[in-house]
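So the protein lines, in turn, are chains A and B. Counting in the numbering used here, the first sequence tops out at residue 532, every number present. Counting in the numbering used here, the second sequence tops out at residue 293, every number present. Built from N, CA and C at the ideal position, the CB exists for glycine as well. Data block below; observations after.
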Amino acid sequence: MLAGTIAAVLDILPDVDRWRADGRKVAVATVIRTVGSSPRPLGSKMAVSDAGGISGSVSGGCIEGAVIQEARSVLEDGLPKRLLYGISDEQAWSVGLTCGGEVEVLVERLDA
Amino acid sequence: MSSRFESLRRSLLAGERLVAFTRADDDALGARLLVWHDGRSEGTLRSPDLDRAATTLATGQDLPATGLLEIDGTEVFVENFEPLPQLFIVGAVHVAIHLVHFARQLGFRTVVVDARSAFATAERFPHTDELVVEWPAEYLARTRLHDNTFCVFLTHDEKLDNPALEVALEAGVRYVGALGSSRTHAKRVAALREAGLTPELIDRIHAPIGLDLGGRKPEEIALAIAAELVAVRSGSEAGDRGRSAGLASAAELVAVRSGSEAGDRGRRAGPASAAELVAVRSGRLPGGER
Numbered sequence: 421m422l423a424g425t426i427a428a429v430l431d432i433l434p435d436v437d438r439w440r441a442d443g444r445k446v447a448v449a450t451v452i453r454t455v456g457s458s459p460r461p462l463g464s465k466m467a468v469s470d471a472g473g474i475s476g477s478v479s480g481g482c483i484e485g486a487v488i489q490e491a492r493s494v495l496e497d498g499l500p501k502r503l504l505y506g507i508s509d510e511q512a513w514s515v516g517l518t519c520g521g522e523v524e525v526l527v528e529r530l531d532a
Numbered sequence: 004m005s006s007r008f009e010s011l012r013r014s015l016l017a018g019e020r021l022v023a024f025t026r027a028d029d030d031a032l033g034a035r036l037l038v039w040h041d042g043r044s045e046g047t048l049r050s051p052d053l054d055r056a057a058t059t060l061a062t063g064q065d066l067p068a069t070g071l072l073e074i075d076g077t078e079v080f081v082e083n084f085e086p087l088p089q090l091f092i093v094g095a096v097h098v099a100i101h102l103v104h105f106a107r108q109l110g111f112r113t114v115v116v117d118a119r120s121a122f123a124t125a126e127r128f129p130h131t132d133e134l135v136v137e138w139p140a141e142y143l144a145r146t147r148l149h150d151n152t153f154c155v156f157l158t159h160d161e162k163l164d165n166p167a168l169e170v171a172l173e174a175g176v177r178y179v180g181a182l183g184s185s186r187t188h189a190k191r192v193a194a195l196r197e198a199g200l201t202p203e204l205i206d207r208i209h210a211p212i213g214l215d216l217g218g219r220k221p222e223e224i225a226l227a228i229a230a231e232l233v234a235v236r237s238g239s240e241a242g243d244r245g246r247s248a249g250l251a252s253a254a255e256l257v258a259v260r261s262g263s264e265a266g267d268r269g270r271r272a273g274p275a276s277a278a279e280l281v282a283v284r285s286g287r288l289p290g291g292e293r
């Protein structure tokens with residue numbers, strides 16, 4: 421089923437629309453590669469506004485904090501980033517996830 | 004760097020089919036090309052060769068799956084935006100109330116259409132995405148029926164069902180199912196032939212509608228229909244009615260024979276296992292070997 425891809429956009433759309441209507445800058449992170457079992461499918465999206473708003477998700481919670489951090493600089497300079505997160509089994513266990521594997525995320529700023 | 008977000012947003016909300024290509028390499032990270040299924044495009048991957056290759060991929064028969072792809076040695080992230088499945092339910096009948104419930108849980112956008120304002124009320128259908136009081140054939144004729152559209156006909160009234168069935172069949176939607184016994188369906192087939200539809204088109208109607216779960220209550224019939232929609236959407240054989248009646252019942256015998264085994268495997272959570280429970284309770288299993 422491919423509808424997951426469009427669902428990922430529609431999920432964040434109400435928040436993104438509202439933020440943009442308020443004149444906020446918005447960055448979107450997209451899961452572009454996964455290795456091993458991963459909690460969110462390819463194409464999953466998380467949006468971050470320059471006012472601190474967060475919508476959607478790119479993992480089961482293990483990398484969101486790091487991605488939001490990176491999104492701040494993308495919001496500032498507008499330069500996209502490709503980020504690789506390895507989730508070792510040990511780390512995964514310690515945060516209560518069974519995922520393991522790797523996730524790659526592309527973060528970009530939406531056009532004004 | 005241009006995200007093309009506005010165009011993407013507009014197209015997705017309009018139910019258009021498109022593929023987004025995004026450069027994932029350092030040379031032009033984030034460069035994006037949108038290609039619609041009809042060949043229209045917007046943006047660029049900053050290389051005419053890449054743009055050309057991507058356009059070919061996005062307008063062919065087999066669309067690429069969402070994921071990273073290497074095109075001419077360049078890493079490109081592909082997003083295949085298939086329109087959300089939409090379900091038109093013709094007939095605001097009792098079964099429809101339950102079907103809206105199941106279908107929405109399963110990710111379908113639901114529209115209920117009936118000319119009879121006594122049935123098509125917001126009170127009966129507070130849960131549907133859209134409720135339309137209009138002649139179904141007229142409504143379907145002026146509505147965008149994309150290739151991820153499913154239509155079910157439940158009115159029990161051939162004056163309402165048949166003209167609308169013609170519109171859906173001629174539009175080439177993904178699924179057409181009609182409620183009614185084999186006898187009712189035989190009458191329907193005769194009427195549609197009379198109206199000039201080809202046997203091939205008429206053959207696309209799933210009737211009697213739904214996977215054979217054996218249930219008779221409105222909610223059980225709705226679940227059988229919902230199960231068939233899922234089977235068709237996932238390309239499962241259970242949703243394929245190309246089989247002759249004889250083959251279908253043979254498959255059913257196999258399903259019943261291997262019943263305990265299939266019942267043991269907790270295959271899916273949610274509505275799918277609900278379908279299985281109804282099937283087991285009615286002493287039947289859907290569709291045979293899946």
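Assigned secondary structure, residue i (DSSP; H/G/I helix, E/B strand, else coil)
i	result
B:Ala34	coil
B:Phe111	coil
A:Asp431	helix
B:Asn165	helix
A:Glu524	strand
B:Leu90	strand
B:Arg219	coil
B:Leu16	helix
B:Phe1	With chain B represented from 4 up to 293, any question about residue 1 of chain B goes unanswered, as that position is not in the structure.
A:Ser477	coil
A:Arg492	helix
B:Phe153	strand
A:Leu530	coil
A:Arg438	helix
A:Glu484	helix
B:Val116	strand
B:His40	coil
B:Val176	coil
B:Val98	helix
B:Thr146	coil
B:Ala181	strand
Residue i, enclosing beta strand (DSSP E) - first and last residue
i	result
B:Thr62	That residue, B:Thr62, is in no beta strand (DSSP E); its alpha helix (DSSP H) goes 51-62.
A:Lys501	501-506
A:Arg453	446-455
A:Val468	465-469
B:Glu78	77-84
B:Leu21	21-26
B:Gly213	No beta strand (DSSP E) contains B:Gly213, which DSSP labels as neither H nor E.
B:Glu133	133-136
B:Gly70	70-74
Distance between residue j and residue i (C-alpha atoms, nearest Å)
i	j	result
B:Asp206	B:Ala189	11 Å
B:Leu36	A:Gln489	27 Å
B:Ser14	B:Leu21	8 Å
B:Phe84	B:Asn151	12 Å
B:Cys154	A:Asp470	43 Å
B:Leu66	A:Ile426	15 Å
A:Asp497	B:Val93	52 Å
B:Ala27	A:Leu526	8 Å
B:Asp215	B:Leu90	20 Å
A:Arg492	A:Gly480	21 Å
B:Phe156	B:Val136	15 Å
A:Leu433	A:Leu499	22 Å
B:Ala57	B:Glu82	12 Å
B:Thr201	B:Thr113	28 Å
B:Arg12	A:Arg438	14 Å
B:Ala125	A:Asp431	26 Å
B:Leu143	B:Ala241	27 Å
B:Glu264	B:Val235	Because B:Glu264 sits at a pLDDT of 37, beneath the cut-off of 50, its placement in the model cannot be relied upon, and the following sentence gives the value as read from the coordinates. Approximately 24 Å, taken between the alpha carbons.
B:Ala227	A:Lys445	47 Å
B:Pro129	B:Phe122	13 Å
B:Ala118	B:Arg127	15 Å
A:Ala428	A:Arg440	18 Å
B:Ala181	B:Gly218	17 Å
B:Ala140	A:Cys482	51 Å
A:Leu495	A:Gly472	11 Å
B:Pro211	B:Tyr178	13 Å
Burial state of residue i, where buried means 16 or more other Cβ atoms lie within 10 Å
i	result
B:Lys220	exposed
B:Leu195	buried
A:Thr450	buried
A:Ser464	buried
B:Arg145	exposed
Unbroken alpha helix (DSSP H) run spanning residue i, endpoints
i	result
B:Lys190	185-197
B:Glu203	202-205
Taking 8 Å as the threshold, find out whether the segment 454-464 of chain A comes into contact with the segment 488-505 of chain A through three or more Cβ pairs.
-> Taking 8 Å as the limit for Cβ pairs, the verdict is that the segment 488-505 of chain A does not touch the segment 454-464 of chain A.
Spell out a yes or no on whether the segment 58-72 of chain B and the segment 95-104 of chain B are touching, meaning 3 or more CB-CB pairs, one atom from each, closer than 8 Å.
-> Here the segment 58-72 of chain B makes no contact with the segment 95-104 of chain B; the two share fewer than three CB pairs at distances below 8 Å.
Any 3 or more C-beta pairs closer than 8 Å across the segment 105-118 of chain B and the segment 51-67 of chain B = Flag = no, the segment 105-118 of chain B and the segment 51-67 of chain B do not touch.
Given 8 Å as the limit, is there contact between the segment 37-47 of chain B and the segment 166-183 of chain B, that is, 3 or more CB pairs closer than that?
-> Between the segment 37-47 of chain B and the segment 166-183 of chain B there are fewer than three inter-stretch CB-CB distances shorter than 8 Å, so the stretches are not counted as touching.
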